Structures are given as C-alpha cells and as structure tokens.
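Q: Take a look at this one; I'll ask things after.
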Amino acid sequence: MTTYSGITRRKVQVQSNFERYAFLFMRLSGIALLILAVGHMMIQHVLNDVHSLTLQYVADQWASWGWKVYDMLLLFIALPHGINGLRNVLEDYVHGESAIKTLNTVMAIFLIVSLIGAGFAIASF
Amino acid sequence: MSSLLLTLRESVRYRGRGGHYSWIAHRLAGLGILAFLVIHVWETAMVNYNPPVYEYAIAVFKHPLFGLGEIGLMGAVLFHAFNGIRITLLDFKPEWWRHQAKTVTIVWALFLVVFVPIAIYMLSSIISHCGHGSNCWAFPTYPVS
Amino acid sequence: MQAQLRIRRYNPEKDQAGYWGEYTLNDVNPNDSVLDLLHRVKWEIDGTLALRRSCAHGVCGSDAFRINGANMLACKTLVNRLGDGDMIKVQVEPILGLKVLKDLIVDMEPFMDHYKSVMPYFINDDPPPENGRERLQSIEDRARFDDTTKCILCAACTSSCPSFWANDKYVGPAAIVNAHRFIFDSRDKAPEKRLAVVGDTFGVWRCRTNFNCTNACPREIEITKAIAEVKNVLYTGEI
Amino acid sequence: MPKIHTFDAVIVGAGGAGLMAALYASRSANVAVLSKLYPTRSHTGAAQGGIGAALANMEEDSWEWHSYDTVKGSDYLADQDAVDVLTKEAINTVVELEHMGLPFDRFPNGKISQRRFGGHTNKDTGKPVMRACHAADRTGHMILQTLYQQCIKNEVNFFDEFHVVDLIRVDDTVRGVVAIEIATGEFHIFHSKAVMFATGGWGRVWEVTSNAHSLTGDGPAIALRRGIPLQDMEFFQFHPTGIYKLGILITEGVRGEGGVLINSEGERFMAKEEYAPNIKDLASRDVVSRAIYLEVKAGRGINGQKYVHLDVTPETVNHYYELDGEDRRIDREYIEAKLPDIADFTRTYLGVDPVKEPMPVQPTAHYGMGGIPTDVNGRVLLDAQKTVLPGFYAAGEVACVSVHGANRLGTNSLTDLVVFGKLAGVDMAEYCQNAELLPLPDGAADEVMAEFERIRNNTGGVKAHEVRRKMQESMTENVSVFRTKETMDKAIADLKELREAYQKVSIEDKGKVFNSDLLEAWELGCLLDTAEVTAVSGLARPESRGAHARDDYTERDDENWLKHTLYHKEGDGYRLDYKEVTLGRYEPKPRVY
Ligand SMILES: Cc1cc2nc3c(=O)[nH]c(=O)nc-3n(C[C@H](O)[C@H](O)[C@H](O)COP(=O)(O)OP(=O)(O)OC[C@H]3O[C@@H](n4cnc5c(N)ncnc54)[C@H](O)[C@@H]3O)c2cc1C
Ligand code: HEM
Ligand code: SF4
Ligand code: F3S
Ligand code: FES
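Protein chains in written order, with my numbering: chain L, 3 to 127; chain V, 93 to 237; chain E, 193 to 431; chain R, 60 to 652.
The following block contains the structure:
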C-alpha cells in the first residue's frame, strides 16, 4: 500500500495593516518593558524609595549616559505601549467614526508632544 | 452610552473563569499604570524645565497616601507584566493553550510571591517615615522651601 | 429535588423592558438537563415562554443561553452540574451582544453575517484527480483542522466575548474558527482571501485572549488556540 | 393578507436532502429553501456513523454487494431498480462531497477512511466489509455543514425559520406552499411551479427516540391532508443502541469498531444461534433490536432493568477480536479518535466513560422507512399505478423511494439524502424550465389560517403536551419493536381518543412573535396523523418483515405480502391500497446473519 503522509506547509501572502503591527508591537514592547519597567520600579521605587528622591539624585543619574539611555528607552517604549493600549480600550467602547478619529488624533498628538517634550528634557539635561 | 454601561456591567456580571478576571485585571492595571506614567513623565521632565515644580511634586509623593498608591502601582506593574508575558507566550505558542487554566494560576501565584514581600517592605518604609514624629499627613505647600 | 428558576423574560408585544420570571419546579431529577426544566416551565406553568431548541443532545446549536452567569447549551447542562442538595437555583438569560427578540431568543443574523464574511466554504477550482476519485490528504494534514470542523454555530463563544459585547463589528471567535477550518485545510486554495478578512481591523486583533469563548464552547473546540494559530499565520506568512 | 413570494421552485426543509437538492436545482432555477430551523440545525447534523458507498478504499467491495446488502437488509421489500441507482450513484456522490470540501477521515493511503457497519458484508465471504465513509462520529454534521457552506457559496435563497403549514394543490398540480414566518407570526405564500418536501422524519411519535424535538412529521401530514398517500408507514426502525431512557443515539459505528452487546449474564448474546451467529453484533438493526428486546424479556436485562450493555472498552473488544481470530487490536486513543462525540455524550449524560465502562443501551425510535412515495427522480407518486403528481417532489427521510424497504441499513440514509436529493434537484430544475407558473387559487391560505385561528382561540383547556405525552406512551407501548393485533387495536383506540382531545387543545400564548406554543400545538396534529397511519398500516399487515415484527404473525409471507402499503386519507376515514415491489437480481430468501 502506498502511504501518503506528513504535513503540507504552505507559504501565503499576507497583507499587512496597522493593527497587525500594533498587535506585534504590544507583545514585543511588553517583553522589553518587563525588564525596563519592572527594573525601573525596583530600582526607583523599592531600593531607593521616594524619600531618598531629590532633584540632585535625578540630576546625578542623568549625568550618566547609561541612565539617560535607560530612561529614554523606557519613555519611548512605555508611552507608546500605554497609549496604544488606551486606543485599544477606547476603540472597544467608542463606536462613532468621528469620535474615535478625534480621540485617536488627540492621543497621537499627546504622544508626540510627550515624547518630544520629555525626551528633550532627558537628552538636554 | 447605555450600551457602554451594559458592556461594563456585564463584563463584571459574566461568570467567566480565570482568563476573564485576568483580562479585567490586566486592562485596569494597564490603564492605571498609564495614568501614573503620564503624570510621572511630565513631572520628571520638570527636573529640566521647572525644578521647583519637580521639588513640589516629589514632596507630594512622599505623602503616605501616595505611598499606598505607589504600592498599588507596583502591584499593577507586576501583575500586568507577568500576565502580559503569559499572553505573549501563549499567542506565539498556540500549542500551549492546553495549559491555559494553569497559566492563569501560575501568573497569580508568581505575582503574589513577588508582590507580597515587596509590598510589606514598602509599607514598612512608609510607616517608618511616619514614625519620626514629623507630621507626615500634612500636604506640602508650594514652593517647597 | 426542587429547582428554583429565574428566567429572563421579554415579550416585545407586551413589555417595555425585560424582567425576571420566577418559577419553582418539584420532583426534579439531578440528571435532568436545563432544557428539560425549561420545557417543564413552558408546558406546565407558562406556555408563552419562548426559546429555540431541537436536537436535545448538544449537536444542533439551538439553545445556547447564559445559565447561572455563563454561556452553555441548555440541553447539555445537567442540573447536577449546577449544584446539589435539595434545592437548586437555575438562572437562565439570553446570550449577550445580540438583540433579544423574545424571552431567550436573540437575533442570529449579525452572527451569521460575520460567519459568512470569512467565506466559510471550500474553494478549489483545480480540476479534481483524473481518475475521478477523491483528492488525497494525509492523516496529519486532516488532523490540523479537525478541531475547528466541529463548530455547530451555536454562538455561545462569540456572545461570551467581551470584545464582541463592546463592539459587534468584531467578527468574533465563531467566524475565526470557521476561517481556521479552511485556512488549515491543505486542499483549500483560498487561504489568502480569508486571511484578508480575519487579519483586518475587526478580525483576530480584537481578541484579548480572554478565554470565555473556549470555556463556553459546547463542542470543546480550542477556540483561542485556533485564533492564535491564525495570528501566527498572519505574522509568519506560513500555514 | 399573506405576503406572496414567487419562485420557480420551493424546497421545504434544509437538511441533507433539501440542501443537496437546492444546490443542484439552483444552478438553473430560481429556488427558495424554507426551513423551520436554521439549516445547520437540521437533524442530519446528528447523524454519526457514516455514509455508505462501495469505494473499496481499503478492501475489496462493489456496488453490487452494497445492493445485495441493502435488499437483504430491507427484507426484500426494497425496489431493486432504485437500490441499484442508490448504490451506484453513492460512489460518485461521496467523491463529489469530498470535492465540495467535506473533511472525511483518511486512511494512511490518503483516501477516504471507511469502517464496518451493521449489515454491510462481502457477498462472497459473508464477512463484514468496510463501507461506511466517515468523519469520526460526526459524518452527518460534516455533510450538513459542507452542503450549507456550498449553498452560501452559490447564493441559494434561504428563508430561515419559516414554518411551512400547507401545500397549495389544485387538482393535479401544485402551486406553492403556505408558511408562517416564526419571528413575526405572519403568513406567507410561496407561489411556485414546483415544490419539494425534504422535511425529515417523525420520530417524536415515540417516547424514547433519537430524533429531534422538531421532527414532528409535518411533511407527511401535510401531504396526506392534500390527498397524497403515504407508503410503508408501518416500517419504522428502532435503533438497537439508544442511551437508556434518553434515546440519544450510540452509533452502530461503535460496534463497527469492535464494540459488543452484553447481557446481565455477561454473554455476548448476538453470537447465539437464534440471533446472528455469523456477523453477530453487526447484524441488521431490526435483528439486533429484537434480540435486545427478547433478552430483556427473558430477564437478562442488566440489573433486571430494560437495558443491556454496549461495551467498547479496549479489553473487551480485543478479547473478542482474539476469540474471532482477527488480527486487529484497538486501544484507548483509537476509541477517543474514532468516537469522540459518543464519548462526550456518555460522559455528559451518564457520567460513563466508554473507554472504561460499558454503556447502558436500549432500542430507540430512529428512522421512518416509509413516507411520501416517489420515483428515483424524487417525483411524488399518487397511486399503485405510479401516477406522477407533476411538480411535486420529495427527498430524504420523508420520501419513500423505496430503497430501505422494511428495514434500512445503517449509513444508507445519508447516502439516500445526497443521491436522491441530487437527482430530485436536477429533475425539478428541468421541470421548471418547461413548466408554467399557474395562478394561485383564491384564498390559497384561508383554510390553514382558519385552522390556526381555531387553535389560537380554542378554550377547551386541554394541554398539547399532555396529549403528546399520551400518544408517545401509547405508541411506545403498543407499536414498537414488537406488535400484535391487540396492541395495535389499542393504539388506534387511544389515538381516536387523543384526536378528540386534540380538538380541545388550547394555548396560552396569543401573540404573534415566536409563538412556539401555537406551532407546537399544530405540530401535535401532524404527529397524531402520522402515528395513526403507522398503526393502521401495521394492523393491516399480518406478517413479520423487517422492522414490522409481530408476535401473532411471526413469519414473513412473501406470497401475499411482498408489496408496499399505500395509505390514502379519504374524508375522515382512509383507504389502504397496495403496490408491487420491483424485484431484480436478488430473489427473496430467508434472512440469516
Ligand atoms: C442520531 C441519528 C444518527 C443517525 N446516524 C446516521 C448515520 O450514521 N448514517 C446514516 O446514513 N443515517 C443516519 N441517521 C439517519 C439520517 O441522519 C436522517 O434520516 C437524515 O439526516 C434525514 O435527513 P433529511 O434531510 O431528510 O431531514 P432533516 O435533516 O431532519 O431535515 C429536516 C428539515 O426539514 C425542515 N422542516 C421540517 N418540517 C418543516 C416545516 N413544517 N416547515 C419548514 N421546514 C421544515 C427542518 O427545519 C429541517 O431543515 C441518523 C439519524 C439520527 C437521528
Ligand atoms: C511591564 C511589562 C509590560 C508587559 C509585559 C505588558 C504587556 C502587555 C500586553 C501583551 C498587552 C496586550 C494585551 C492584549 O492585547 O490583550 C498590554 C496591554 C496594555 N498595556 Fe502593557 N505591558 C507592560 C507594561 C505596561 C505599562 C508600563 C503600561 C502603561 C503605560 C501598560 C499599559 C497597557 C495598556 C493600557 C494596555 C491595554 C489593555 C487592554 O487592551 O486591555 N503596559 N500590555
Ligand atoms: S466555536 Fe463552539 S461555541 Fe462557537 S459557535 Fe462553534 S460550537 Fe458554538
Ligand atoms: S472570549 Fe474573546 S477575547 Fe479572544 S479568547 Fe475568546 S475571542
Ligand atoms: S437542542 Fe440542539 S444543541 Fe441543544
């Protein structure tokens, strides 16, 4: 008897769209945030608690390139992750086409302004 | 609007299993962290743009209520992080879905194991700061001297 | 034993809004199904109660209701699964996210429209084998989509999904299950067309891996797994 | 005023037969499919074990053998020309289903997987043969889904949840049907050149049944009321293995995979000389049902109750394989893979795990061999001379071609649906090309609307479900696996009383929207009609043949009774008439398994 076995693998052309990237971004940024955000929380909120936090402390940290990069990464990953998460939530509950457009625009602007504003604050310190 | 309220109400009323409550917790935690993050980003940026505002902000953060909030934040980040990793792993490894009920338990267990000691530690540090005789309940005035 | 039923009632010809009907049944057998109880209410107490049912053993998909808070088939839920003791409380409501037409009956059309949107039919225009016989398929290839062939379109899954409650434009787990059925069938030639639908804004990306669907499915289809497999095809471009 | 729709043809019923017909007819005609259920909820979806076709994918087989088994299974009452059409066409049609995407299980050689089933044999050796093409134990589900999917692809017009309540017949023409839109309670008239009934079975006449609540004999009852005879209604199949008390079917595939029936003494009783010493548990259904009945009657039911055990645990199965000298062995995984739904049913409803424990089973009302008489093209026949009623078609369980005769072989119903559904669909489309749309008579829906008004406003105080229950009890008691003159007389008397009670049935729901109270009451009328035809036809046949087994006439009587019964309703009474059986290659001889 001839046998006929095995799994057929097939290549397909998939159209990409924003949601697909957003979805992937949420997962990949999530993995990065596990280190960055949890690390940040541990260092800044547990090991050094808020009572030892001073202007000088921040200034000292940002004097080092390492911390600058760390905080910059955190900012540039966590904020888009969070804002996109908020977008997901809002798109669940807000159905009007124009309403959601307006909200998305506001969130995008807010995101860009925040990234530039806060990013500049870190970079130029 | 009524449909939004209905949705929210039924999301709580629906008798789902682990995954359902993890989803609620993940969503709430994510939104909570975001709210804090937005404040935190701008407040920290003030180190550069407007130091007195920054000083005032960290003074406010030393208030025990904010201390409790900080513990909450810690919990939110930890749960959201672990659960986020769970979702990511299972998304990329569909064959692990068989164990989904277990993964929910594992995430909660891991969360408790990590969070409880940290929470106790953080709580004790709040208490110890209030124990110095200073009136830790009073809000600071602006600008901080 | 005794059963106390709370059934969500609504008659568009009479009522402004829904209300709870309360009924008590005696001599209930722990092996009775919830469908049996509903029949008893309808036949012995109130003939106006409206519900859909047909096969009475979990294969036709007519009677998905929300029973004691979660979606299941009334005919496949035995009283003994809801609790024991001399008195048992059973609460039955229509499934969520679809318009209630009367009592436990909801409008299935939006659900069916989502189902149809994924082109849930075999597409292969190549001429069949010359010997006039079946196309061959390996046992392994057949096994890849076995789980998703079981769907009976009961809507228990889609109507248990918070993403669907929130926004009914989401195609929902049932439609994705049926897309999966064909995407993973090695004989089918149109996976790309289906992927374009389920990969769109209101496709798989609305799934928040909540798992209510998998838990609700009376056919025990691993729905969330199927959804993840479809997502993976969308990431990798390989089936 | 009812809303009027116009189509070339109307198909009533969206099970396997209706959908197959729709698929073919809609290629050239404008067709509407009306169904009281969403199509995918039709009871074809419940069919488990398989669809018979001599594909010979694993071992030698031929359609002639399949014909022989079918004829023998039918106790020689089947029309052999029709049987040949069935078994020959089965092969192409099953392949065609595969081409439509139907996900059959596969053999290691990549071909459609087949298994053994009751009554299917190798004609040379008399041994069981693998002929049942299957997809696990949900073959019917796959057929129903696949056909519905293809209908969506081909944009067939569906009217879902439209309950057909009358056929519009004027002399010897049909002009459409009357239906109630369940969601609104409105009446609609579907005006057409041709009408097909594919409304399935009527197993709800009995108490313990494998049939859905919706299988209430609407089709046969409407036909009867419109002057069309019903054929061979005394032959109703009791499937040997229904779940005890619930009637949920345990497919013959269980025995095809090696399962055996065991009585309270631990005997595999089917092997006894008086039952089926050769193919044992895989004998024809009527034979096995009777054996179970007799075992129980002799006090060998399990725990003295009315059931026996069906055992498919690997230990038992392998034990008997060894005794029978077979090489085959099975294990737990195999059972789980081949019979997943059965395992699910017994776990859900009995808390019994079939790979570890035997299942309690008893015969369950299952399948009507009789129905609306048709030829092989689905054209409805009015009398013993086979006069065609032009434009009226029937297919599926509701039709009687007759390929099942006095007892249907397992897997042959699904074959019947797709083969004759297709042939009927093709013929009907052709008919529509040449036929004219005849005008609707005045007040086409008046009569049935008046009947519904009567039920809606009746104040007799009798509850429909009580009448139904009494009918089911009486039929189960008196017209089941075995019957006698006495029991059938009793049933007929009971039915007369119940019919009077039916005139007093009143309902509580006076509304229009989804008024199932009203529709269930009307369905009860159909059930009573079909029950009566069954009992009357049975009483008139003083012999035992296939599913019609009489304690007072235990022998088959080919000399006088090798003929089909035709029951005509006439006024308030009836007239019985008989039709020749078409014989062929296989001469009637005693049936031994
Ligand atoms: C549990 C079970 C297992 C079975 N297993 C097998 C098997 O393994 N192999 C096999 O060959 N056979 C099997 N059979 C038999 C076979 O499945 C049935 O005989 C067959 O499916 C009947 O198909 P159908 O198309 O005639 O009717 P159905 O599938 O019953 O469909 C009837 C259709 O008619 C519609 N309808 C009825 N009345 C009305 C009305 N008044 N107005 C509008 N619409 C109406 C219904 O909505 C439905 O769409 C099994 C049967 C059962 C019950
Ligand atoms: C610490 C590591 C983190 C991980 C592993 C992580 C992971 C994820 C993942 C995988 C999702 C997608 C969930 C889904 O689609 O169902 C998500 C959603 C979200 N995340 Fe995070 N995240 C992390 C940190 C953060 C931070 C710091 C914020 C706040 C800024 C945040 C805010 C959100 C929000 C608002 C959502 C949307 C929630 C929803 O859709 O229900 N996350 N997160
Ligand atoms: S996937 Fe399961 S729950 Fe969803 S419709 Fe199909 S059978 Fe029902
Ligand atoms: S419930 Fe909804 S969120 Fe995904 S896992 Fe199921 S579709
Ligand atoms: S009645 Fe068919 S699934 Fe419940």
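C-beta atoms are modelled at their ideal positions from N, C-alpha and C, and glycine is treated no differently. From a predicted model like this one, the values you see are computed outputs, not experimental measurements.
Can you list, in chain order, the residues of its chain whose CB lies under 7 Å from that of K291 of chain E, leaving out five sequence neighbours each side?
A: Here residue 291 of chain E corresponds to residue number 99 of the third sequence, with the count starting at 1. Closer than 7 Å at Cβ, skipping near neighbours: V298, D299.
Q: Quick one: Cα of N272 of chain E to Cα of K234 of chain E, how far?
A: Working through the third sequence from its first residue, we reach residue 272 of chain E at position 80. Working through the third sequence from its first residue, we reach residue 234 of chain E at position 42. So the alpha carbons of these two residues sit roughly 21 Å apart.
Q: Could you tell me which residues DSSP puts in a beta bridge with A195 of chain E?
A: To locate residue 195 of chain E, count along the third sequence from 1; it is residue 3. E:L217, E:I280, per the DSSP bridge assignment.
Q: Taking the continuous beta strand (DSSP E) assigned at R228 of chain R, which residues delimit it?
A: As a working note, residue 228 of chain R is residue 169 in the fourth sequence. Run containing R228 of chain R: 221-229, per the beta strand (DSSP E) assignment.
Q: Can you pull the DSSP bridge partners for Y633 of chain R?
A: Here residue 633 of chain R is taken as the residue at index 574 of the fourth sequence, counted from 1. According to DSSP, which records beta bridges pairwise, Y633 of chain R is partnered with R:K628.
Q: From T269 of chain E to G32 of chain L, what does the alpha carbon distance come to, in whole angstroms?
A: Within the third sequence, the letter at position 77 stands for residue 269 of chain E. Within the first sequence, the letter at position 30 stands for residue 32 of chain L. Taking the straight line from one Cα to the other gives about 40 Å.
Q: Taking the C-alpha atoms as reference points, what is the distance between Y213 of chain V and M264 of chain E?
A: Position 121 of the second sequence, counted from the start, is the residue given in the question as residue 213 of chain V. Position 72 of the third sequence, counted from the start, is the residue given in the question as residue 264 of chain E. If you take the alpha carbons of Y213 of chain V and M264 of chain E, they lie about 45 Å apart.
Q: Inspect the beta-carbon positions of I259 of chain E and V220 of chain E and report whether they are closer than 9 Å.
A: Locating residue 259 of chain E in the third sequence gives position 67, where the first residue counts as 1. Locating residue 220 of chain E in the third sequence gives position 28, where the first residue counts as 1. No.
Q: In the DSSP output, which residue or residues are listed as bridge partners for F256 of chain R?
A: Along the fourth sequence, read from residue 1 onward, the residue named residue 256 of chain R stands at position 197. Answer is R:V71, R:A453, bridged to F256 of chain R.
Q: Buried or exposed: where does N270 of chain R fall if 16 or more other Cβ atoms within 10 Å of its Cβ makes it buried?
A: On the fourth sequence, residue 270 of chain R is found 211 positions in, with the first residue counted as 1. Buried.
Q: Any Cβ of chain L within less than 9 Å of the Cβ of G169 of chain R?
A: Within the fourth sequence, numbered from 1, the residue matching residue 169 of chain R stands at position 110. It does; some Cβ of chain L falls within 9 Å.
Q: I'd like to know if I431 of chain E contacts chain L, where contact means its C-beta is closer than 9 Å to some C-beta of that chain.
A: Along the third sequence, one-based indexing puts residue 431 of chain E at 239. Yes, contact with chain L.
Q: Taking 9 Å as the CB-CB cut-off, is H172 of chain V touching chain E?
A: As a working note, residue 172 of chain V is residue 80 in the second sequence. Cβ-Cβ to chain E under 9 Å: no for H172 of chain V.
Q: Are the C-beta of I45 of chain L and some C-beta of chain V separated by less than 9 Å?
A: As a position in the first sequence, residue 45 of chain L is number 43, starting the count at 1. For I45 of chain L, the answer is no, since every Cβ of chain V falls outside 9 Å of its Cβ.
Q: Please list the terminal residues of the continuous beta strand (DSSP E) segment that includes Q296 of chain R.
A: Taking the first residue of the fourth sequence as position 1, residue 296 of chain R is located at position 237. Run containing Q296 of chain R: 295-302, per the beta strand (DSSP E) assignment.
Q: When the Cα atoms are used, what is the spatial distance from L202 of chain V to N218 of chain E?
A: By 1-based counting over the second sequence, the position of residue 202 of chain V is 110. By 1-based counting over the third sequence, the position of residue 218 of chain E is 26. Cα to Cα, the separation comes out at about 47 Å.
Q: Among all the DSSP beta bridges, which residues are the ones paired with P422 of chain R?
A: For the purposes of this step, residue 422 of chain R is taken as the residue at position 363 of the fourth sequence. Its beta-bridge partners do not exist; DSSP assigns none.
Q: So, at 7 Å on beta carbons, what are the nonlocal neighbours of V526 of chain R in its own chain, with the 5 sequence-adjacent residues on each side left out?
A: By one-based count along the fourth sequence, residue 526 of chain R stands at place 467. Around V526 of chain R: L557, A560, Y561, V564, L583.
Q: Given the structure, does F403 of chain E come close to ligand 4, in the sense that its CB is under 8 Å from one of the ligand's heavy atoms?
A: Stepping through the third sequence from its first residue, residue 403 of chain E is reached at position 211. Yes, the beta carbon of F403 of chain E sits closer than 8 Å to at least one heavy atom of ligand 4.
Q: If you measure between the beta carbons of V507 of chain R and A257 of chain R, is that distance less than 9 Å?
A: As a working mapping, residue 507 of chain R is identified with position 448 in the fourth sequence. As a working mapping, residue 257 of chain R is identified with position 198 in the fourth sequence. Against a cut-off of 9 Å, the Cβ pair of A257 of chain R and V507 of chain R comes out as no contact.
Q: Residues of chain E with CB closer than 8 Å to the CB of T99 of chain R, please, in chain order.
A: As a position in the fourth sequence, residue 99 of chain R is number 40, starting the count at 1. Residues of chain E passing the Cβ test: C252, G253, I344, L345.
Q: If we ignore side chains and look at the alpha-carbon of each, how far apart do I551 of chain R and A453 of chain R end up?
A: Here residue 551 of chain R is taken as the residue at index 492 of the fourth sequence, counted from 1. Here residue 453 of chain R is taken as the residue at index 394 of the fourth sequence, counted from 1. For I551 of chain R and A453 of chain R, the distance between alpha carbons rounds to 28 Å.
Q: Please go through the same chain and pick out, in chain order, the residues whose beta-carbon is closer than 6 Å to the beta-carbon of G480 of chain R, but skip the five residues on each side of it.
A: Mapped onto the fourth sequence, residue 480 of chain R falls at position 421. Excluding residues within five positions, the ones whose Cβ falls inside 6 Å are A76, M79, A80, A454.
Q: Below 9 Å between beta carbons: does that hold for T472 of chain R and F297 of chain R?
A: On the fourth sequence, position 413 is the one that residue 472 of chain R refers to. On the fourth sequence, position 238 is the one that residue 297 of chain R refers to. It should be pointed out that residue 472 of chain R corresponds to Ser in this sequence rather than to Thr. Cβ atoms of S472 of chain R and F297 of chain R: not closer than 9 Å.
Q: Please list, in chain order, the chain V residues whose beta carbon lies closer than 9 Å to that of R175 of chain E.
A: Residue 175 of chain E lies beyond the stretch modelled for chain E, which goes from 193 to 431, so this question has no answer here.
Q: If we cut at 9 Å on Cβ distances, does Y6 of chain L have a partner in chain R?
A: If you number the first sequence from 1, residue 6 of chain L lands on position 4. It does; some Cβ of chain R falls within 9 Å.
Q: Is D475 of chain R near ligand 7, in the sense that its beta carbon is under 8 Å from a heavy atom of that ligand?
A: No copy of ligand 7 occurs in the structure displayed; its ligands are ligand 1, ligand 2, ligand 3, ligand 4 and ligand 5 alone.
Q: On the criterion of 16 or more Cβ atoms from any shown chain inside 10 Å, does W212 of chain E qualify as buried, or is it exposed?
A: As a working note, residue 212 of chain E is residue 20 in the third sequence. Exposed, since its Cβ has fewer than 16 Cβ neighbours within 10 Å.
Q: Bridge partners for W212 of chain E per DSSP, in chain order?
A: Residue 212 of chain E sits at position 20 when you count from the first residue of the third sequence. BP columns for W212 of chain E point to E:R200.
Q: Can you confirm whether the segment 320-335 of chain R touches the segment 351-366 of chain R when touching is taken to mean that 3 or more C-beta pairs between the two stretches lie within less than 8 Å?
A: Yes, since at least three Cβ pairs between the segment 351-366 of chain R and the segment 320-335 of chain R fall closer than 8 Å, the two stretches touch.
Q: Less than 6 Å between C-beta atoms, sequence neighbours within five positions excluded: which residues of the same chain meet that for V347 of chain R?
A: Walking along the fourth sequence from the start, residue 347 of chain R turns up at place 288. Hits under 6 Å: P299.
Q: E456 of chain R: which of R:T446, R:T474, R:R515 sits nearest, CA to CA?
A: Walking along the fourth sequence from the start, residue 456 of chain R turns up at place 397. Residue R:T474 is the option with its Cα nearest to E456 of chain R.
Q: Which partner residues of C192 of chain R appear in the DSSP bridge assignment?
A: As a working mapping, residue 192 of chain R is identified with position 133 in the fourth sequence. Answer is R:I110, R:Q173.
Q: Counting only beta-carbon atoms, is G104 of chain R nearer than 9 Å to chain E?
A: Position 45 of the fourth sequence, counted from the first residue, corresponds to residue 104 of chain R. Closer than 9 Å: yes.
Q: Going along chain E in order, which residues have a C-beta closer than 8 Å to the C-beta of L194 of chain L?
A: Because chain L here runs from 3 to 127, residue 194 of chain L falls outside it and cannot be looked at.
Q: Which whole-angstrom value describes the C-beta separation of S309 of chain E and V363 of chain E, a residue pair presumed to lie in contact below a C-beta threshold of 8 Å?
A: By one-based count along the third sequence, residue 309 of chain E stands at place 117. By one-based count along the third sequence, residue 363 of chain E stands at place 171. So it is a contact: roughly 6 Å between Cβ atoms.
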